[in-house]
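Since the structure comes first, as C-alpha cells, the remarks are kept for the end.
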Amino acid sequence: MTFYVENETDCKFPFLEEEIVRLVGEAVLEEEGCPYEVQVNVVVADREGIRELNREFRGIDKDTDVLSFPNVEFTKEGVFEIDDSREADYFDPDTGELILGDIMISADKVLEQAQRFGHSVKREFAFLVAHSMFHLCGYDHMDEAEAKRMECRQENILSKLGITRD
Numbered sequence: 001m002t003f004y005v006e007n008e009t010d011c012k013f014p015f016l017e018e019e020i021v022r023l024v025g026e027a028v029l030e031e032e033g034c035p036y037e038v039q040v041n042v043v044v045a046d047r048e049g050i051r052e053l054n055r056e057f058r059g060i061d062k063d064t065d066v067l068s069f070p071n072v073e074f075t076k077e078g079v080f081e082i083d084d085s086r087e088a089d090y091f092d093p094d095t096g097e098l099i100l101g102d103i104m105i106s107a108d109k110v111l112e113q114a115q116r117f118g119h120s121v122k123r124e125f126a127f128l129v130a131h132s133m134f135h136l137c138g139y140d141h142m143d144e145a146e147a148k149r150m151e152c153r154q155e156n157i158l159s160k161l162g163i164t165r166d
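Note that my numbering has the sequence shown beginning at 1, numbered continuously upward.
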C-alpha cells in the first residue's frame, strides 16, 4: 500500500499525518475486503486551497473540511470488481497498485472542528481520512440511509483503532 501525504500548510499537528493516514486507510481497506494493493494521495491544504477546489469541482464557493476524488467507478459500494477494459485507467503500470484516488483535507477545518466537537485534533483528522476513504471505496451520503450506513462504518473503524472522542 502506498499513501502519499503532503502537508502544504504551516500547520504542525501533534501527530504524524502519514501514520494516521496509513493506519486509518489500511483499516478501511481491510474492512472493505479490498483485494488489491492501493495507492492514495492525500494533501493537507489551507482554507483557500480547499475552497478553490470546492468551487472548481463542485461549484460550491466556500471552504469545506475534506474533498474526495475517487479514481475508480464502483457499481456497488465497497465491491472491488474491476472491468478488464478499465485496468489501464485504474492501475499504476509501474507498481501494479490500484490508484484509488485523492483526498484533500483542510488543516483549518481539522483544528476548528476538533475544538467545536470537543475531541482531539488527531480524532478529527482520522475521522476525515476514514470519511474520504469510504468515498474512495464507492460510498456516498446523498440520502439519509446512505449517510447512516457511511457514518456507522466510519465510527466502527475509529473505534477498532481506539481513536475515540476523548
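Think of the CB as a built atom: it goes at the ideal place given N, C-alpha and C, for glycine as much as any other residue.
Every value quoted in this text rests on a predicted model; they were computed, and no experiment measured them.
When DSSP labels each residue in this structure, what does residue i get in the three-state scheme?
| i | result |
| --- | --- |
| G59 | coil |
| N54 | helix |
| S132 | helix |
| M150 | helix |
| F13 | coil |
| F127 | helix |
| F117 | helix |
| Y90 | helix |
| R165 | coil |
| V21 | helix |
| G49 | helix |
| E97 | coil |
| E155 | helix |
| E26 | helix |
Beta carbon of residue i, beta carbon of residue j: below 9 angstroms?
| i | j | result |
| --- | --- | --- |
| L100 | I82 | no |
| E77 | Y4 | no |
| I50 | K122 | no |
| A107 | L158 | no |
| V110 | V24 | no |
| V38 | T2 | yes |
| F80 | E32 | yes |
| D102 | N71 | yes |
Pull up the DSSP beta-bridge partners for residue i, would you.
| i | result |
| --- | --- |
| F69 | D102 |
| Y4 | N41 |
Give every residue of the same chain whose Cβ lies closer than 6 angstroms to the Cβ of residue i, excluding the five residues on either side of it in the sequence, and list them in chain order.
| i | result |
| --- | --- |
| F74 | G138 |
| Y36 | L98 |
| N156 | none |
| E124 | V110, Q113 and A114 |
| I105 | V44, V66 and L128 |
| A147 | H141 |
| F15 | K122 |
Whose C-beta lies closer than 7 angstroms to the C-beta of residue i among residues of the same chain, with five residues either side of it excluded?
| i | result |
| --- | --- |
| K62 | R51 and N54 |
| F13 | V121 and F125 |
Apart from the five residues on each side of it in sequence, which residues of its chain come closer than 8 angstroms, Cβ to Cβ, to residue i?
| i | result |
| --- | --- |
| I60 | N54 |
| G186 | The requested residue 186 does not occur in the structure, where the chain is confined to residues 1 to 166. |
Original post:
Is there contact here, the stretch 44–51 with the stretch 9–24, by at least three beta-carbon pairs under 8 angstroms?
Top reply: Touching, yes, given that three or more Cβ pairs across the two stretches are closer than 8 angstroms.
Subject >> Inter-stretch contact (C-beta, 8 angstroms, three-pair minimum) for the stretch 129–139 and the stretch 25–35 >> reply: yes
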